[in-house]
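The sequence shown runs 13 to 157 under my numbering.
C-beta atoms are modelled at their ideal positions from N, C-alpha and C, and glycine is treated no differently.
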Amino acid sequence: MKINLKNGIDKLLFGMKQKDVEAIYGKPDRNYKDEDENQILVYNKLKSRLTFYQEEDFKLGYIVASGADLELFGNTIIGKKISEVKNDLVAKNITKFTQEEFDTFENYFNEENWIIFQTEFEEVVKFEIGAIINAKDEFDWKFGK
């Protein structure tokens, strides 16, 4: 599944509604609300969790994925050393990361693209991407443009 920075992953575009996603990928394996009343869809086959923001009319705003087929600029990322992934991104001018540590996990966050690489034992185990907030402090929805 191809990661499209600032847009989504594969056919998933930020701003889609649940019905748009289900038209492409079918019914989710799990469907629940989080503590903020956001709608969460889980697709086991895609190894993805999709968050539809309640305050934004339930538009897709965040994706967490861990499938081995995830690709960023033609390179797989899951299971790779974070140093290799970061090195690959230098050519694309993506070099600024904020690093946080939790137990054996580390998060590498790039605010410009609103992405997080979660690692354990220096290998990428999870990828997160969120919709971009523009200069007007609004979400930059990609779906339906």
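Quick check on this structure: which residue in the options has the alpha carbon closest to the alpha carbon of residue i?
i           : options             : result
residue 61  : 83, 104, 43 and 114 : 43
residue 75  : 130, 85 and 140     : 140
residue 129 : 45, 37, 66 and 84   : 84
residue 46  : 118, 67, 33 and 20  : 67
residue 22  : 77, 41 and 48       : 77
residue 96  : 48, 40, 131 and 19  : 131
Identify, in the order they occur along the chain, each residue of the same chain with its Cβ nearer than 8 Å to the Cβ of residue i, setting aside the five sequence neighbours on each side.
i           : result
residue 64  : 29, 30, 50, 51, 52, 53, 70, 71, 72 and 73
residue 92  : 135 and 136
residue 133 : 116
residue 114 : none
Are the CB atoms of residue j and residue i within a distance shorter than 8 Å?
i          : j           : result
residue 94 : residue 120 : yes
residue 90 : residue 80  : yes
residue 37 : residue 17  : no
CB-CB under 7 Å to residue i, same chain, minus the five flanking residues each way: which ones, in chain order?
i           : result
residue 122 : 106, 108 and 109
residue 33  : 24, 53, 62 and 72
Between which residues of its own chain and residue i is the CB-CB distance below 6 Å, once the five residues before and five after are set aside?
i           : result
residue 100 : 87
residue 155 : 25, 27 and 28
residue 98  : none
residue 126 : 142 and 144
Could you tell me which uninterrupted alpha helix (DSSP H) segments, each at least 4 residues in length, are contained entirely in the segment 21-62, listed from first to last along the chain? 30-37, all fully within the segment 21-62.
Which runs of the beta strand (DSSP E) fall wholly inside the segment 78-105 and span at least 3 residues, in chain order? Fully enclosed beta strand (DSSP E) runs of 3 or longer: not present.
Does the count of Cβ pairs from the segment 141-154 and the segment 96-116 closer than 8 Å reach three? no
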